[in-house]
Structure formats: structure tokens, C-alpha cells
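Each residue of the sequence shown is one higher than the last, beginning at 49 in our numbering.
We treat Cβ as the ideally placed atom computed from N, Cα and C, and that holds for glycine.
The structure presented is a predicted model; accordingly, all values stated were derived computationally and were not measured.
These notes concern the structure reproduced below.
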Amino acid sequence: MARGELEGYLGATTVTTIFYLASKHAGREAARAQLERLLAIFRVAPVTETVIREALAGDFEDFEDAVLHEAARCVGADAILTRDSAGFRRASCRVLTPDALLASLAESSGDR
């Protein structure tokens, strides 16, 4: 955030989940269009064999959360943004809810 910008990542597994849910709700073409929009904004944190092995070796209760955590570590993320912060109690980086991120951004920009 050196220039006041955030660099955001989506976990590779999150991308497939988003496509699956969006295509069930709105159809494949709408899902594809929405994913293209997301990919214009976010980068993708890869899920590699190393990420999977680290997730398996970790101490998370939920394997999917463990994979997302290790993917975040792999790309050097400063924080994980989630609505389920309880699932990331063992995270090695900050864990923020969307509201906490917005509050932090408002505070750092001087808006209160």
C-alpha cells in the first residue's frame, strides 16, 4: 500500500467456487463475465502442491481455510479478508473482516 493502493488476491479455489455459484444463479455466460471483472481487479493466489502440503501440515480445523491461508502466505499477503475470522485463528498474518478493512482504510485516509 505504498501509494495508497491495495493489491488483492483471490485464492484459486475461491475463483472456482465463485464461478460455480454464479453460474448456478445467473448462468455460465454471466458467471464468466463476472469472473472477468474480478480478474481485472484481483490477482490469483495459486494453489500449488506446496500450498496443499503446507495446508495438510498446518493446524487449521478447516482444510479449505488452511489452503487459503497457505496460498496467502505463498504470495506474501499482509492480511486475509474473510467473513469467517474464527476459521483463521491460527493464521500467521492479520485477519480482517470486510468491516474492519473498511474502518482501517477510513482511519488511514483520515476519514472518520
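Task: Rounded C-alpha distance that separates Ala103 from Ser157 - done: 35 Å
Task: Rounded separation between Thr62 and Ala148 - CA only - done: 21 Å
Open item on the list: Starting from Val115, trace the alpha helix (DSSP H) in both directions and tell me its first and last residue.
Closed with: Phe111 to Cys122
- [ ] Report yes if the CB atom of Gly59 is closer than 9 Å to the CB atom of Ala114, and no otherwise.
- [x] no
Open item on the list: Between Asp132, Ala70 and Ala81, which has its C-alpha nearest Glu112's C-alpha?
Closed with: Asp132
- [ ] With DSSP as the reference, please indicate the residues paired to Gly59 in a beta bridge.
- [x] Ala93
Task: Proximity winner among Arg138, Ala151 and Leu144, relative to Ala105 (alpha-carbon distances) - done: Arg138
Task: The alpha helix (DSSP H) enclosing Ala148, as first and last residue numbers - done: Pro146 to Ser156
Open item on the list: Could you tell me the alpha carbon to alpha carbon distance between His117 and Tyr68, rounded to whole angstroms?
Closed with: 21 Å
Task: Buried or exposed by the 16-neighbour rule on C-beta atoms within 10 Å, applied to Ile128 - done: buried
Open item on the list: Within 10 Å of its beta-carbon, does Ala78 have 16 or more other beta-carbons around it, so buried, or fewer, so exposed?
Closed with: exposed
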